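So the sequence lines, in the order shown, correspond to chains A and B.
Per my numbering, residue -9 is the first one in the first sequence, and the count goes up by one each step.
Per my numbering, residue -9 is the first one in the second sequence, and the count goes up by one each step.
Built from N, CA and C at the ideal position, the CB exists for glycine as well.
Quick caveat: nothing in here was measured; it's all calculated off a predicted structure.
Written below as structure tokens is the structure these notes are about.
2 protein chains.
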Amino acid sequence: MTTSIDLLLHSAAQIVTCDGPPGPKRGVAMRELGLIANGAVAVDQGRIVAVGPSDELRRSYQARHEIAAAGKLICPGFVDPHTHVVYAGDRVNEFEQRIAGATYQEIMAAGGGIVSSMHATRNAAADQLVRESRSRLDQMLMLGTTTVEAKTGYGLELAAELRQLEAIAALDAAHPIDLVPTLLAAHAIPPEFANHADDYVELVIAEILPAALEWYRASRFAAAGVPLFADVFCERGAFDVVQSRRVLAAARELGLPLKAHVDEFTALGGLEMALELGAVSVDHLDVSGPAGIAQVAQSDAIAVSIPTVTFNLGGTHYADARGLIDAGAAVALTTDINPGSAPCPSLPLVMAIACRYQRLLPAEALNAVTRNAAYAIGLGDRVGSLEAGKQADLLLVDTGDYRHLAYEFGGNPVETVIKRGAIVYARSGRHP
Amino acid sequence: MTTSIDLLLHSAAQIVTCDGPPGPKRGVAMRELGLIANGAVAVDQGRIVAVGPSDELRRSYQARHEIAAAGKLICPGFVDPHTHVVYAGDRVNEFEQRIAGATYQEIMAAGGGIVSSMHATRNAAADQLVRESRSRLDQMLMLGTTTVEAKTGYGLELAAELRQLEAIAALDAAHPIDLVPTLLAAHAIPPEFANHADDYVELVIAEILPAALEWYRASRFAAAGVPLFADVFCERGAFDVVQSRRVLAAARELGLPLKAHVDEFTALGGLEMALELGAVSVDHLDVSGPAGIAQVAQSDAIAVSIPTVTFNLGGTHYADARGLIDAGAAVALTTDINPGSAPCPSLPLVMAIACRYQRLLPAEALNAVTRNAAYAIGLGDRVGSLEAGKQADLLLVDTGDYRHLAYEFGGNPVETVIKRGAIVYARSGRHP
Chain A
-9 MTTSIDLLLH SAAQIVTCDG PPGPKRGVAM RELGLIANGA VAVDQGRIVA
41 VGPSDELRRS YQARHEIAAA GKLICPGFVD PHTHVVYAGD RVNEFEQRIA
91 GATYQEIMAA GGGIVSSMHA TRNAAADQLV RESRSRLDQM LMLGTTTVEA
141 KTGYGLELAA ELRQLEAIAA LDAAHPIDLV PTLLAAHAIP PEFANHADDY
191 VELVIAEILP AALEWYRASR FAAAGVPLFA DVFCERGAFD VVQSRRVLAA
241 ARELGLPLKA HVDEFTALGG LEMALELGAV SVDHLDVSGP AGIAQVAQSD
291 AIAVSIPTVT FNLGGTHYAD ARGLIDAGAA VALTTDINPG SAPCPSLPLV
341 MAIACRYQRL LPAEALNAVT RNAAYAIGLG DRVGSLEAGK QADLLLVDTG
391 DYRHLAYEFG GNPVETVIKR GAIVYARSGR HP
Chain B
-9 MTTSIDLLLH SAAQIVTCDG PPGPKRGVAM RELGLIANGA VAVDQGRIVA
41 VGPSDELRRS YQARHEIAAA GKLICPGFVD PHTHVVYAGD RVNEFEQRIA
91 GATYQEIMAA GGGIVSSMHA TRNAAADQLV RESRSRLDQM LMLGTTTVEA
141 KTGYGLELAA ELRQLEAIAA LDAAHPIDLV PTLLAAHAIP PEFANHADDY
191 VELVIAEILP AALEWYRASR FAAAGVPLFA DVFCERGAFD VVQSRRVLAA
241 ARELGLPLKA HVDEFTALGG LEMALELGAV SVDHLDVSGP AGIAQVAQSD
291 AIAVSIPTVT FNLGGTHYAD ARGLIDAGAA VALTTDINPG SAPCPSLPLV
341 MAIACRYQRL LPAEALNAVT RNAAYAIGLG DRVGSLEAGK QADLLLVDTG
391 DYRHLAYEFG GNPVETVIKR GAIVYARSGR HP
């Protein structure tokens, strides 16, 4: 007796399932990938119904479509858990200024940085915002990303923050990539509040957060059970620990799950504060020391490391992701794609950097952009691994060994991207 | 009166010509790109006949095919002037060993490194060598590379070195990318000569070099006026300065133009020796000091910098390419694509690394992978810039500002690749 299904991918040289017990993987478990040689994935109605040996699944299922994946790798679609992909304009001028020697903080102090993207985003019509962001999502999709967290934070005023949320929803509806919205109204102090930041914090708490929640409740995300996160940038020049705590505590009061940008340039105490408030993820951690690392490892938070920013700023001090894993923390990796500190759409390159400069093993890096990244955005139960019942988001990759995803760098090994059981990207360069 | 031509690309937001006086660009001239706004390129019989303002060329030429490049950048096809792209197998195991702490030199001393690729390459049938290398050239082409220097050096015995040359010729014939062959028989000391390296040097001089020259004279390269270079790896654990000088001097005696791997890990004096012998390029220079840099700047040699190796080894000390340019040297950049120290096909990523870690301006990085790279492989008169009379090798890029080629990293901005006037790659991912 065979069961009739929509799609069977079979004969893959290697399948990386990233399966395992529920909850984030920790410590040495980050090396476990659930490899299957000569494997198959059975898909029906957009969901995975079985993963296992090819000959077994070919006996058990009768598929309307088959894909022979001989010599290929099949792995979960990548999940990018921390992005600022929705913005207008670019910051290529600042890029040249930095080469000439200006620091990120100097550029920020001179009215550049986030505030410059804020002006461009405030001035952009909704359709321009969607169009410019869409081309970035296209690049990300080609590179294997199937789920993307996307933050506001270039509006920094009620109407523009809501317009960014609308753009995130419009992109989620129009693009094969699934988006997960995060309100980051506390991303920077808007210039009109330059000398009274507390008043902006008050505005975020009293108006922007409640309005965002109201927007969310009527949105496609609430309908689909996709969370709205609240986030804050706790850093010198942005929001201090007291201000950051006020924003996150207010968001928690409203029932929103939390994220926080902490310990990027300065260890202000934001990490400890965010963990205390039960943040789902704590992001950056570039300057976290052993005490902070131990606290993350004892928490349920996912540690989201962002090697692209160090790379982009020409830095040599990377977050101690090795130390985090060794201490037992669950680490995720992200592009942080944004116009200033990380104009990078590629999770394969992020893996490559992490393996070289943070000493992650290729297996750890792969778990960090799949399963752990899914848990970092509250979707660990539906994406990030190849298991029966999960969404059929998966990649066919031009190699029979997952380690090549991180060993090679700068190219694109992804051949086919499947989202909810449908091919949404297939490489097909023309060579006449 | 209009002239009839094959192809007119017009209405480009920006054209980067990289034109200028003959000879390599030096010092501040590396910042000059010859930009044309709203530009056009006229192509006939595989060659450029004119580059200039769009309205002017549209009046002067009647083209059988037209490509409207509104909003796009047109620049020369990239030239990768130092590669080991022809090999069999991979070294992904060593990649994991290095993450666990082994150094490149330790792996080399333990029989890994180049010698491991030598075994794989010696054992590979000619068609396997071509097939595996071809897929790498496909990745390079998608990323905008249209001309590639390719070295032997995984044979390390007469027959296998000649088989590598044959593979280079076969790839040149079969693939849209043009290849330029380099004999690097003195890449490593083959294990059978472990305790008597001088005998291998003698073999290279007495047999391999003359046989390679004989092969070359009957090859498609000689017929096309494409040079055969001779190269040597002058480094502790490879060939010392005396041995390296013997190889290069013998090659020069045979009339071959010279290259040399020098100052990569150790400044042995190879740089000075190679300049004295009139090398066309001196490659690596990671540990060259001010005296060496000044000598390069006073020479006619192109300085080929290889930031991928530093990146791949997780290093933080990059070659002083900024110092080289400031001293007046002509710098080129390369992927060095090879299975051990740089499994990287992407010149856009090389530019991105060089801008961030070597402080090259985007304009300098772009000249370094076009015009200067062409001069580094003896083809400065036919590729590397958009000028009347040159080969019509050019790229359409998804941006109106060349700086985006280096500002963004990890993605692929190249939309269309044109080689000798014909479209050889056009991005066309399927989004059903």
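Please list the partners that residue i has in chain B, where partner means a Cβ-to-Cβ separation under 8 Å.
{"i": "P335(A)", "result": "E398, G400 and G401"}
{"i": "R425(A)", "result": "Outside the shown range of chain A (-9 to 422) lies residue 425(A), about which nothing can therefore be said."}
Let me make sure I understand the geometry here. Which of the options has the alpha-carbon closest to that of residue i?
{"i": "T93(B)", "options": "D310(B), S331(B) and C345(B)", "result": "S331(B)"}
{"i": "I435(B)", "options": "P403(B), H394(B), Y392(B) and L386(B)", "result": "The structure shown does not extend to residue 435(B), since chain B spans only -9 to 422, so no value can be given for it."}
{"i": "P71(A)", "options": "S418(A), F399(A), A140(A) and E377(A)", "result": "A140(A)"}
{"i": "T172(A)", "options": "A228(A), L199(A), Y190(A) and P352(A)", "result": "L199(A)"}
{"i": "S50(B)", "options": "I64(B), P66(B), C65(B) and A32(B)", "result": "A32(B)"}
{"i": "T7(B)", "options": "L384(B), Y415(B), Q35(B) and T389(B)", "result": "L384(B)"}
{"i": "A396(B)", "options": "R346(B), A201(B) and G313(B)", "result": "R346(B)"}
{"i": "L248(A)", "options": "L218(A), L258(A), E262(A) and Q233(A)", "result": "L218(A)"}
{"i": "T300(A)", "options": "I327(A), Y144(A), V76(A) and H177(A)", "result": "I327(A)"}
{"i": "L314(A)", "options": "L337(A), H307(A) and G282(A)", "result": "G282(A)"}
{"i": "S418(B)", "options": "S336(B), M132(B), N357(B) and V252(B)", "result": "M132(B)"}
{"i": "M(-9)(A)", "options": "L47(A), G61(A) and L261(A)", "result": "L47(A)"}
{"i": "D253(A)", "options": "R235(A), V277(A) and L246(A)", "result": "V277(A)"}
{"i": "A175(A)", "options": "L238(A), M130(A), D371(A) and R312(A)", "result": "L238(A)"}
{"i": "D128(A)", "options": "L244(A), C334(A), D230(A) and G143(A)", "result": "C334(A)"}
{"i": "M130(A)", "options": "V194(A), G215(A), V340(A) and R372(A)", "result": "V340(A)"}
{"i": "F229(A)", "options": "E96(A), V191(A) and A99(A)", "result": "V191(A)"}
{"i": "E204(B)", "options": "G245(B), E225(B) and R236(B)", "result": "G245(B)"}
{"i": "F255(A)", "options": "D221(A), A240(A), A214(A) and L303(A)", "result": "L303(A)"}
{"i": "L119(B)", "options": "V222(B), G259(B) and T142(B)", "result": "T142(B)"}
{"i": "Y206(A)", "options": "D316(A), A196(A), L193(A) and A220(A)", "result": "A220(A)"}
{"i": "L275(A)", "options": "G259(A), G268(A) and L267(A)", "result": "G259(A)"}
{"i": "A309(B)", "options": "T325(B), G145(B) and Q348(B)", "result": "Q348(B)"}
{"i": "L152(A)", "options": "S125(A), A208(A) and R37(A)", "result": "A208(A)"}
{"i": "E398(B)", "options": "V194(A), A60(A), E84(A) and G215(A)", "result": "E84(A)"}
Only counting the same chain, and skipping five residues up and downstream in sequence, which positions put a Cβ closer than 6 Å to that of residue i?
{"i": "A53(B)", "result": "I(-5), L(-3) and L(-2)"}
{"i": "A344(B)", "result": "P297, L323, L350 and A355"}
{"i": "A150(A)", "result": "R112"}
{"i": "A168(A)", "result": "The sequence given here places Asp at residue 168(A); Ala does not occur at that position. Here the set comprises T137."}
{"i": "A366(A)", "result": "P71, S271, I292, V294 and A322"}
{"i": "P280(A)", "result": "none"}
{"i": "R393(B)", "result": "P352"}
Whose Cβ in chain B lies nearer than 9 Å to the Cβ of residue i?
{"i": "R349(A)", "result": "I89, A90, G91 and G304"}
{"i": "P352(A)", "result": "V82, F85, E86 and I89"}
Excluding five sequence neighbours on each side, which residues of the same chain lie with their C-beta closer than 7 Å to the C-beta of residue i?
{"i": "E122(A)", "result": "A78"}
{"i": "D162(B)", "result": "D168, L169 and R210"}
{"i": "I158(A)", "result": "V76, A140, L169 and P171"}
Could you pull out every residue in the same chain whose Cβ sits closer than 8 Å to the Cβ of residue i, ignoring the five residues on either side in sequence?
{"i": "G10(B)", "result": "A19, E22, G24, R361 and S375"}
{"i": "N28(A)", "result": "S1, A2, A3, P43, S44 and D45"}
{"i": "F55(B)", "result": "According to the sequence provided, residue 55(B) is His. The question's Phe does not apply to it. If we look at H55(B) and ignore the five residues flanking it on each side, its Cβ neighbours are D(-4), L(-3) and L(-2)."}
{"i": "L265(B)", "result": "V272, Q285, V286, S289 and A291"}
Anything in chain B within Cβ reach of residue i, meaning under 7 Å, just list it in chain order.
{"i": "F301(A)", "result": "R346"}
Using a C-beta to C-beta distance shorter than 8 Å, which residues of chain A count as neighbours of residue i?
{"i": "L339(B)", "result": "L339, F399 and G400"}
Report the start-end ranges of each alpha helix (DSSP H) in the stretch -3 to 52 of chain A that is 4 residues or longer and not cut off at the edges. 44 to 50
Below 9 Å between beta carbons is the criterion; list the residues of the stretch 75 to 99 of chain B that meet it against any residue of chain A, in chain order. D80, R81, V82, N83, F85, E86, R88, I89, A90 and G91
My parser needs the beta strand (DSSP E) runs of 3 or more residues fully inside the stretch 314 to 397 of chain B; what are they? 320 to 323 and 384 to 387
Along the stretch 223 to 249 of chain B, what residues have a CB closer than 9 Å to any CB found in chain A? none
Below 9 Å between beta carbons is the criterion; list the residues of the stretch 113 to 138 of chain A that meet it against any residue of chain B, in chain order. S125, R126, D128, Q129, M130, L131, M132 and L133
Completely contained alpha helix (DSSP H) runs for the stretch 149 to 236 of chain A, where each covers 4 or more residues: 187 to 193, 199 to 207 and 210 to 213
Using a beta-carbon distance cut-off of less than 7 Å, what residues from the stretch 277 to 289 of chain A approach chain B? none
Taking only runs of the beta strand (DSSP E) that begin and end inside the stretch 57 to 98 of chain B, which ones reach a length of at least 3 residues, in chain order? 63 to 66 and 68 to 70
Entirely within the stretch 96 to 144 of chain A and at least 3 residues each: give me those beta strand (DSSP E) ranges in chain order. 135 to 141
So within the stretch 267 to 322 of chain A, which uninterrupted alpha helix (DSSP H) runs reach at least 4 residues, ignoring any that extend past its ends? 280 to 288, 297 to 302 and 311 to 317
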